[in-house]
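Engineer:
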Amino acid sequence: MQVSVRRLSLYPLGVARSALLSPSPRLLSPGTRTLFSETGVWEKEYRPETRRRVEEWWHPRIMAQWRKDALEEDSKGKKFYVLSMFPYPSGRLHMGHVRVYTISDTIGHFQRMRGHQVLNPMGWDAFGLPAENAAIERGLDPEEWTKRNIKSMREQLDSLGLCFNWDREVTTCLPDYYRWTQYLFVKLFQAGLAYQKEAVVNWDPVDQTVLADEQVDENGRSWRSGALVEQKLLTQWFIKTTNYAKPLLDALADLPEWYGVKAMQANWIGDCTGCYFDFKLKVNGEETGETLSAYSSSPETVFGAAYLAILPSHRLLHGSSSVRSVLEKGFELGRDSLTEVTAHNLFTDHEVPVVISHKEAFDGYLDTVIGIPDCSEEDLSVARALNLRWTTVLKSDEDGTQTLVNSDEFSGLTRQQAFDSITQKSRDQRVGGHLTSSKLRDWLISRQRYWGTPIPVVHCGSCGPVAVPEDELPVTLPKLPSLTGKGTSPLEDAHDWVSCTCPRCKGPARRETDTMDTFVDSAWYYFRYTDPQNTVRPFERHLADHWLPVDVYIGGKEHAVMHLYYARFLCHFCKDQGLVAHRYSMQNFTGFSFAFACSFVNQPSFFLSLREPFRKLLVQGLIKGQTFKLADSGQYLKREDIDFTDKEPVARRGGRVEVTFEKMSKSKHNGLDPQDVVQQYGVDTVRLYILYAAPPEQDILWNVKTDALPGVLRWQSRLWQLVTKLRAARQPGDIPNPSLLKKKELAETKKIWDNKNYAVQEVTSHFTGDFLFNAAISRLMGLTNTLSSATAAVVQHSVEFEEALAVLVLMTAPMAPHLASEMWAGLCQVKNPLSLPLQQRGDVLQQSWPAVDPKYLDVPEFVELSVMINNKACGSVTVPLQVSKDSERVQQLILESPLGQKLLSARSIKRAILSPRTALINFLVEE
């Protein structure tokens, strides 16, 4: 079956794509041909046909130059790692892809111009249910389907002119990648952090697989299929992320603000005020082989435990537990039931009875808790009702301080001291003690589907679960004749693959047939990008240490909990395993807690050692399309089904229509094909619109009638006209002579110089700090206005105009590289250039990012402000420069000054007008 895929194209019919994308097209330098010098004519207007030809010309050259520069970069230069979340290869791009990758491409070009060694990689999150379901529907192999989609989307990304480091491409469904996903799982297994247990799990009846709690929405529906989730008791694999809860929570304090995502992460983890302790279950004094972890919110009082409580829904009361029948014997619905099962605390060595609680839920998501009467009235009530014995462990001193008693070596310690000592020792003994919250659960990674990373474990009747040795990885997916998507894991049908030999005892064994959640694949891909061709280990430590942390991570806010939490966890784990060091010198350490950093400024050799993978997070909103739906039924209509004749739109077949903006989808008839948009407006226009329409974290409401799209179209034309104006003023024989400029023209050049420096300062700040590209474009538009109003003499004879125009083009280049490249080439052909930038060699993206002139930074700390009353000058007052634009603060300072006391204290002020352009304030008062 053939799959029809529409591909983005910038190329005219009849022109071979291979010819335009040759590995090394001729790179331009000043004096060489630009696109339009082929005819000897520079077009005066930037028309659609001009734009098309410019983009066709520069597209392959920009990409080739990026590849060339990446190979030639000095490895000792400062690094900058910009990472955009890699896509699932669905086969076609949507506008959300275009937005996130436009942002990463813009940042990559900007940082390269700043002299950084830039890593901007791309890959594919290629495992998962959509490919498997599509393959089942079409009778295809999911690998074939996935690879075909990757090829298509790779061509689409290339056609958009996005400059990724394709030599570092990773694909999670290829054995050379998932071999190392399995390697990391084995490391987790060996560390006791990957384990299997029977659990009541979320079952998606449509996708026929288990879901983690995070993948079920607040309405109890699957995050992907939308089906109502069912509860099943199954044996599943988990990763003990709760062991890292407190470090993951604490590490957030040293990160910059992430558009509210830090708060979301902290809320997901919860307050880490308690911990789990491990127990062995016993019946009649004999261990059953069951191990249970129970939570205590007051671990310092663990020696005072009276019982261990489980919920009626606990797995021990369902399924195949060896103590099920014993527990059920004494269970009575609606009351706390004492059982014949006891639990041996591996830390205190004490034995307590197991109680089945009458409750339906404990705090948070707990199903097993330790009852300690000394610190809970409720626990005391249960213990008394069941006639249980316990040991008192708390004593209050005269000053109210509580200390421990009857707690072995911890007796005599305060509660806080005991809390620290007991949790630390239990961690050392590996029987619990890891601080976590009552709401956090371990990560359930088992999936009962085919298209995923096989879990590298074999089950042996003698040895139990055994990890596949590292030298036998990868455990590759077997080829299956067909997939049904129903029932148990499809891998169970691969009988020759399932039957194997135990690596430990060499006896018969069976392979694990569950595959891993795709979030495991994406939890470490940022590491693999640093060393993607390594066949010996996941990545070389020195390469990961060079590139990490990611300087800017760009993606959707929908991944703010699950993916980010898992990625942060795995990074902490890799640090503990010695796979990565994450040591950074102070000069490269920016964006974190200022106070934290400043406390070490007098230690030049100081290095910060952190576990976090991402330094800054840039979350981008959705691009929403306009929707039309019938008010009565909610049915979505196509635009052609709407009558727009009247003020309010109505359905052509009758009925009132509601007009909103929603996430783009086929079912809502509001989707937008990037190919159509690019072909209509061009790559640079789409890039500028995406960057200008809204700040990254806000949604964009796509409407071509709004100011954003017409605005960026006009701005491109005005930029082109400025280059045209300078070229026209510098014809052969027109020698510029700054000494010819008169006083008024010199004042004009001073204004241009000021605006240029202000623009450089502001745009650089937006590119490095808050990522407000819309504000950066607005500032460049302001500089464009200033240059557009320049007089002919200033254009012809001033270095300030020429330099400001060069700076304007340079700062436009990361956002609109094709247009800027042609304008730069056009500027470099200007005869008798006065400014240094136009005397440099190379394309615009090879130039250095402009810097603010030192003289501009040498400004006074105070400004003398002229004061007027009812439009009449009456004196001046000196105010701090930093508040000189704050109207309320300026008014206050003037009223407190001797001048204000004399002239304004007894008068009624109707209004005060602070000039935005000059140092002047005008008070309008009653006469």
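So the sequence shown is numbered by the numbering used here: it starts at 1 and just counts up by one. All residues carry an ideal CB built from backbone N, CA and C; glycine is no exception. In this text, all values refer to a predicted model and were calculated from it rather than measured experimentally.
When you compare the CB positions of residue 625 and residue 699, do they come within less than 8 Å of one another, or not?
Structural biologist: Taking 8 Å as the Cβ cut-off, residue 625 and residue 699 do not qualify as a contacting pair.
Engineer: Using only CA atoms, which one of 255, 853, 388, 670 lies nearest to residue 701?
Structural biologist: Per the Cα distances, 670.
Engineer: For residue 730, which residues from the same chain have a beta carbon less than 6 Å from its beta carbon, with the 5 sequence-adjacent residues on both sides left out?
Structural biologist: Closer than 6 Å at Cβ, skipping near neighbours: 830, 831.
Engineer: Nearest CA to the CA of residue 231: which residue from 201, 242, 833?
Structural biologist: Ranking the options by Cα distance to residue 231, first place goes to 201.
Engineer: Across the stretch 851-862 and the stretch 872-882, are there enough close Cβ pairs to call them in contact, namely three or more that are closer than 8 Å?
Structural biologist: Touching, yes, given that three or more Cβ pairs across the two stretches are closer than 8 Å.
Engineer: CA-CA distance, residue 63 and residue 767?
Structural biologist: Cα to Cα, residue 63 sits roughly 22 Å from residue 767.
Engineer: Rounded to the nearest angstrom, what separates residue 656 and residue 631 at their Cα positions?
Structural biologist: When rounded, the distance between both Cα atoms is 6 Å.
Engineer: Curious, which full-length alpha helix (DSSP H) runs of at least 4 residues does the stretch 264-337 contain?
Structural biologist: Complete alpha helix (DSSP H) runs here, min 4: 324-329.
Engineer: Considering residue 198, what are the terminal residues of the beta strand (DSSP E) in which it resides?
Structural biologist: Per DSSP, residue 198 belongs to the beta strand (DSSP E) from 194-204.
Engineer: Residue 929 and residue 270: beta carbons closer than 8 Å?
Structural biologist: The shown model of the chain, from 1 to 927, leaves out residue 929, and the question about it has no answer.
Engineer: Once you ignore the five residues that flank residue 358 on each side, which residues in its own chain have a CB closer than 6 Å to its CB?
Structural biologist: Correct list, in chain order: 334, 335, 336.
Engineer: For the beta strand (DSSP E) containing residue 866, list its first residue and its last residue.
Structural biologist: Residues 862-869.
Engineer: What first and last residue would you give for the alpha helix (DSSP H) that runs through residue 785?
Structural biologist: Its alpha helix (DSSP H) spans residues 773-788.
Engineer: Consult DSSP for residue 113 and reduce its assignment to one of helix, strand or coil.
Structural biologist: Helix, per DSSP.
Engineer: Identify the residues that DSSP records as bridge partners of residue 936: which are they?
Structural biologist: Any answer about residue 936 is impossible in this case: the structure gives the chain only from 1 up to 927.
Engineer: Just reading off the beta strand (DSSP E) that residue 434 is part of, what are its end residues?
Structural biologist: Residues 432-436.
Engineer: Note down the Cα distance separating residue 593 from residue 240, rounded to an integer number of angstroms.
Structural biologist: In this prediction, residue 593 has a pLDDT of 37, which is less than 50 and means its spatial position is unreliable; what the coordinates show is noted afterwards. In a straight line, the C-alpha of residue 593 is about 29 Å away from that of residue 240.
Engineer: With 16 as the cutoff for other CB atoms within 10 Å, does residue 97 come out buried or exposed?
Structural biologist: With 16 or more other Cβ atoms within 10 Å, it is buried.
Engineer: Decide if residue 491 is buried, meaning its Cβ has at least 16 other Cβ atoms within 10 Å, or exposed.
Structural biologist: Residue 491 should be labelled buried.
Engineer: Could you tell me if residue 843 is buried or exposed, where buried requires 16 or more neighbouring beta carbons within 10 angstroms of its beta carbon?
Structural biologist: Answer is buried; the Cβ neighbour count reaches 16.
Engineer: How close, in whole Å, do the beta carbons of residue 867 and residue 909 come, if the pair is a contact with beta carbons under 8 Å?
Structural biologist: That pair is no contact at about 12 Å.
Engineer: Going straight from the alpha carbon of residue 685 to that of residue 712, what length do you get?
Structural biologist: Residue 685 and residue 712: Cα-Cα distance of roughly 7 Å.
Engineer: Considering only the alpha carbon of each residue, which of 304, 378, 325, 431 lies closest to residue 292?
Structural biologist: Comparing Cα positions, the closest option is 431.
Engineer: Evaluate residue 854 with the Cβ neighbour count: other Cβ atoms within 10 Å of its Cβ, from every protein chain shown; 16 or more gives buried, anything less gives exposed.
Structural biologist: Flag for residue 854 reads exposed.
Engineer: Leaving aside the five residues before and after residue 603 along the sequence, list all residues of the same chain whose C-beta is less than 6 Å from its C-beta, in chain order.
Structural biologist: Note that residue 603 has pLDDT 35, beneath the 50 cutoff, so the model's placement of it is unreliable and no number is given.
Engineer: For the alpha helix (DSSP H) containing residue 795, name the first residue and the last one.
Structural biologist: 792-797 is the extent of the alpha helix (DSSP H) around residue 795.
Engineer: Ignore the nearest five residues each way along the sequence and tell me which others in residue 26's own chain have a CB closer than 6 Å to its CB.
Structural biologist: The pLDDT assigned to residue 26 is 38, lower than 50, so where the model puts this residue is not dependable; a value taken from the coordinates is nonetheless given after this. Correct list: empty, nothing qualifies.
Engineer: Three or more C-beta pairs under 8 Å: does that hold for the stretch 386-406 against the stretch 266-284?
Structural biologist: The answer is no - the stretch 266-284 does not touch the stretch 386-406, with fewer than three Cβ pairs under 8 Å.
Engineer: Ignoring anything shorter than 4 residues, give me the alpha helix (DSSP H) runs that lie fully in the stretch 734-778, in order along the chain.
Structural biologist: Whole alpha helix (DSSP H) segments, 4+ residues: 743-765.
Engineer: Helix, strand or coil for residue 644 per DSSP?
Structural biologist: Note: residue 644 maps to coil in three-state DSSP.
Engineer: For residue 803, which of helix, strand or coil comes out of DSSP?
Structural biologist: Here residue 803 sits in helix by DSSP.
Engineer: Check residue 594 in the structure and name its three-state DSSP category.
Structural biologist: Only weak support exists for where residue 594 lies, its pLDDT of 34 falling under 50; the coordinates are left without a value.
Engineer: Excluding the 5 residues flanking residue 914 on each side, which residues of the same chain have their C-beta closer than 7 Å to its C-beta?
Structural biologist: So the qualifying residues of the chain are 887, 890, 921.
Engineer: In angstroms, rounded to a whole number, what distance separates the CA positions of residue 678 and residue 187?
Structural biologist: Those two C-alpha atoms are separated by around 46 Å.
Engineer: Output yes or no for whether 8 Å exceeds the beta carbon distance between residue 824 and residue 809.
Structural biologist: For residue 824 and residue 809, yes; Cβs fall inside 8 Å.
Engineer: Answer with buried or exposed for residue 659, where buried requires no fewer than 16 other C-beta atoms within 10 angstroms of its C-beta.
Structural biologist: Label assigned to residue 659: exposed.
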